[in-house]
Structure formats: C-alpha cells, structure tokens
Amino acid sequence: MILLMILFALHYIICIVLFVLMKTGRLRHNYVNLFIAIFIPLFGLIFMLAKKTSDIRSDRTAIDIDLEVKPDDEAKVLNASSALKFEDNEDDEEAPAGSEATEAATRSSGGDTMMDVISDIKKSIIISDDSAAGNVVPLSEALAINDTKTKRALIIDLLYSNPTDFVQQLFYAKSNGDTEVVHYAATALTEIQKDFDLKLNDLLNKKALYPDDHKLDLDYMNLLEKYIASGLLSGERLKSNLRKFSDLIAGELMKDNVKGRWSLINKKANADLQLQDLKALYEDIDYMTKRWPEREGIYIYLLHWAILKKNRTLINDIISQIKKKVEYIPEELRDLMDFWDEKAC
27 MILLMILFAL
37 HYIICIVLFV
47 LMKTGRLRHN
57 YVNLFIAIFI
67 PLFGLIFMLA
77 KKTSDIRSDR
87 TAIDIDLEVK
97 PDDEAKVLNA
107 SSALKFEDNE
117 DDEEAPAGSE
127 ATEAATRSSG
137 GDTMMDVISD
147 IKKSIIISDD
157 SAAGNVVPLS
167 EALAINDTKT
177 KRALIIDLLY
187 SNPTDFVQQL
197 FYAKSNGDTE
207 VVHYAATALT
217 EIQKDFDLKL
227 NDLLNKKALY
237 PDDHKLDLDY
247 MNLLEKYIAS
257 GLLSGERLKS
267 NLRKFSDLIA
277 GELMKDNVKG
287 RWSLINKKAN
297 ADLQLQDLKA
307 LYEDIDYMTK
317 RWPEREGIYI
327 YLLHWAILKK
337 NRTLINDIIS
347 QIKKKVEYIP
357 EELRDLMDFW
367 DEKAC
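For the sequence shown, counting from 1, position 291 maps to 317 in our numbering; every step adds exactly one.
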C-alpha cells in the first residue's frame with residue numbers, strides 16, 4: 027500500500043515537472059495529453075512519451091530551411107509579396123555568420139487552425155534589396171520548378187503575408203506534387219473560407235439584433251462581395267451567394283439618396299450575368315438606360331444579354347446600334363464586338 031502511494035506521488039511530481047517545462051516553453055507538448063497523463067497513472071506518461079517520439083520523427087521528415095533575417099528587415103519579411111527575390115550564390119556566401127537557422131516546419135494536425143500552422147513555422151526566406159528584374163520570380167513559375175526547398179519556402183512566405191490576397195495562388199499550390207506544399211495550401215484555403223463564414227454569420231446575428239442599423243447591412247454586403255470575388259466559392263454555394271448579393275443590392279437601390287448608385291447597379295448586373303438570369307439582367311439594363319442613357323457601359327450588358335439568349339439576329343442588331351450611336355467604344359466592349367461581329371470573321 028505504501029509502495030503504491032509512493033508511485034502515485036512520484037507520478038504526480040513528474041506531471042507537475044512536465045507542466046512547468048511546458049509552461050516555460052522548454053517542452054513542446056499538447057496540454058490535452060498532459061491532462062490524460064494526470065488521470066491515467068503510468069499509462070498516461072507512456073502515451074505522452076510515445077506521442078513525443080512520434081512528433082520528433084515527423085519533424086525529421088520536414089524541410090530544414092535556412093533563415094537569415096536582419097533586425098531591420100523583419101518587417102520586410104512579414105510583408106513579402108507573391109513575387110520573391112532570390113539572391114545570387116555570391117551573396118549567399120557573403121551572408122553574415124550570425125544568421126540563425128530555423129526549426130523545421132511541423133505538420134499541423136487536422137484540428138489545428140491556420141495560426142497554429144504558422145506559429146510552428148519560422149520564416150525562412152532571404153529578402154534582398156536587389157531590385158534587378160532577373161531576381162524576381164513569379165509565384166506560378168516558382169511553384170512549377172522542381173526545387174523542393176524553394177517551393178516550400180515560397181508557400182510558407184505566402185502564409186506569413188495575407189493569405190486572403192493569394193487565393194488563386196493557393197489553389198495553384200494545391201495541385202503541386204509536393205505533399206508539404208499541398209498540405210499548407212489546403213489548410214490555408216480551409217481557414218480563409220471558415221473565416222469568411224464566421225464573419226458573415228456574426229454580421230447576420232448583429233443584423234438580427236439591430237435590424238435598423240444600415241451600416242451593418244453595408245458591411246454584410248461588402249463582405250459577401252469579397253467572398254464571391256475570392257474564388258473560394260463554386261457550384262450551388264456560389265449561385266446561392268450571388269443571388270443573395272443581387273437581392274441585397276436590389277434592396278439598397280430602392281432606398282432614396284443612395285451613394286454610388288451606378289456602381290451598385292453594375293455589381294448587380296455582373297451578379298445576374300454570372301447567374302445567367304436573363305429577366306433580372308434585362309431589368310438591370312432597363313434601370314441603367316432610364317437613369318444614364320449616355321453611358322457606353324450599358325451596351326456591354328445588353329450584348330451579353332443577347333448572347334445569353336443565343337439570338338444571332340439580336341446580337342447583330344445590337345452591334346450595329348453600337349457602331350452608329352457610340353462615338354467612343356470602351357476596350358471591353360470592342361473586344362466583345364470583335365468576337366461576335368460576323369463581318370469581322
């Protein structure tokens with residue numbers, strides 16, 4: 027009995043020591059595992075040891091990337107854009123001896139958030155002040171190369187900037203052959219989409235509490251517009267949000283003293299065009315024509331409307347009207363006319 031009590035006391039002393047080490051940052055481990063160890067004597071500690079061993083093995087498979095960030099360049103690194111500047115070999119040799127190497131990027135578990143992923147990755151890209159065009163590598167080209175170290179450094183750099191601005195690049199990275207690159211890209215995209223959903227739900231809850239707050243309506247509409255433009259939505263989810271966006275603008279346009287009315291009706295027309303809603307698009311065109319009959323941009327939607335109707339005669343008639351009535355034809359409208367003008371073929 028005394029021996030058992032001694033073992034229990036020793037067990038809890040070890041757990042307290044582990045807690046102190048984790049709190050001071052000397053031991054990296056999940057607090058959930060420690061909680062399990064406390065309530066399951068002996069076997070809990072064995073589980074923690076096995077888990078730590080597994081994590082160490084995982085770390086060894088991750089990429090080791092050298093980090094060289096000068097104190098004044100830290101802000102530059104954190105704000106790096108989608109184009110990276112890679113230094114020449116000579117510059118690498120002349121790098122200060124005091125530069126430190128980063129820890130290997132550890133793979134986040136399924137339940138981790140993007141911030142958990144990023145917090146375990148030390149930034150690892152040398153930013154040069156050399157602005158020579160030859161040193162600037164476009165993101166798509168950098169991801170296409172076979173250099174694993176460069177690709178992983180690139181995706182980590184992207185995560186440290188604002189991932190929301192690089193959704194298309196993240197989609198491109200998802201199709202990469204490197205499993206680490208694919209993992210971080212997929213995790214980032216999931217977190218960005220979750221962030222949009224949470225913010226929209228939060229605004230909806232606030233709108234329910236304060237239905238007369240017009241600013242909340244505008245905030246919701248603007249956030250929904252960004253979500254649609256991000257490229258994260260597809261299929262029925264995209265259509266559903268486009269309809270919601272179109273309806274919100276329609277409600278806004280019915281109010282008096284609306285600012286930016288022309289911009290709003292253009293956004294609505296674009297949404298209805300993506301939905302291929304002929305009736306709604308024609309109503310948008312009619313709204314524009316009555317208020318701004320001199321605007322050339324109206325013909326872009328009118329021509330798209332005729333194209334959606336698949337009416338060749340109507341398309342030709344509209345093109346003829348544009349040539350007769352419009353003195354200055356915008357480039358977008360000119361390209362559309364050139365494509366569909368039978369005489370240009």
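Every residue, glycine too, gets a C-beta built ideally from N, C-alpha and C.
Would residue 97 be called buried (16 or more neighbouring beta carbons within 10 Å of its own) or exposed? In this prediction, residue 97 has a pLDDT of 39, which is less than 50 and means its spatial position is unreliable; what the coordinates show is noted afterwards. Per the 10 Å Cβ criterion, exposed.
C-alpha distance - residue 45 paired with residue 204, whole-angstrom precision: 37 Å
So residue 310 and residue 291 are supposed to be a Cβ contact under 8 Å. How far apart are they, rounded? 6 Å
Can you check whether the CB of residue 275 is closer than 9 Å to the CB of residue 252? no
How would you label residue 364, buried or exposed, when you count the other beta carbons within 10 angstroms and need 16 or more for buried? exposed
Just tell me which of 321, 356, 246, 266 has its CA closest to the CA of residue 278. 246
Taking the straight line between their C-alpha atoms, what separation do you get for residue 330 and residue 179? 43 Å
Thinking just about the alpha-carbon of each residue, which of 197, 317, 280, 224 is nearest to the one in residue 214? 197
Span separating the alpha-carbon of residue 257 from that of residue 341: 30 Å
To which residues of the same chain is residue 297 closer than 6 Å at the C-beta, ignoring the five residues directly before and after it? 268, 271, 272
Proximity winner among 190, 235, 66, relative to residue 221 (alpha-carbon distances): 190
Enumerate, from N- to C-terminal direction, the unbroken alpha helix (DSSP H) stretches of 4 or more residues contained entirely within the region 240 to 291. 240 to 255, 261 to 279
Give me the Cα-Cα distance between residue 301 and residue 66, rounded to the nearest whole angstrom. 58 Å
For residue 352, which residues in the same chain have their Cβ closer than 6 Å to its Cβ, ignoring the five residues on either side in sequence? 322
Buried or exposed: where does residue 217 fall if 16 or more other Cβ atoms within 10 Å of its Cβ makes it buried? buried
The alpha helix (DSSP H) spanning residue 353 covers which residue range? Unbroken run through residue 353: none, as it is neither H nor E.
Excluding sequence positions up to five away, which residues of its chain have a Cβ less than 8 Å from the Cβ of residue 254? 264, 267, 268, 271, 297
Mind reading off the beta-carbon distance from residue 249 to residue 226? Whole number of angstroms is fine, and I expect it under 8 Å. 6 Å
Could you have a look at residue 317 and say whether DSSP puts it in helix, strand or coil? helix
Comparing C-alpha positions only, which one of 223, 319, 286, 287 sits nearest to residue 259? 223
In chain order, what residues of the same chain have a beta carbon less than 7 Å from the beta carbon of residue 211, not counting five sequence neighbours either side? 181, 196, 199, 200
With a 10 Å radius around its C-beta and 16 neighbouring C-beta atoms as the bar for buried, classify residue 326 as buried or exposed. buried
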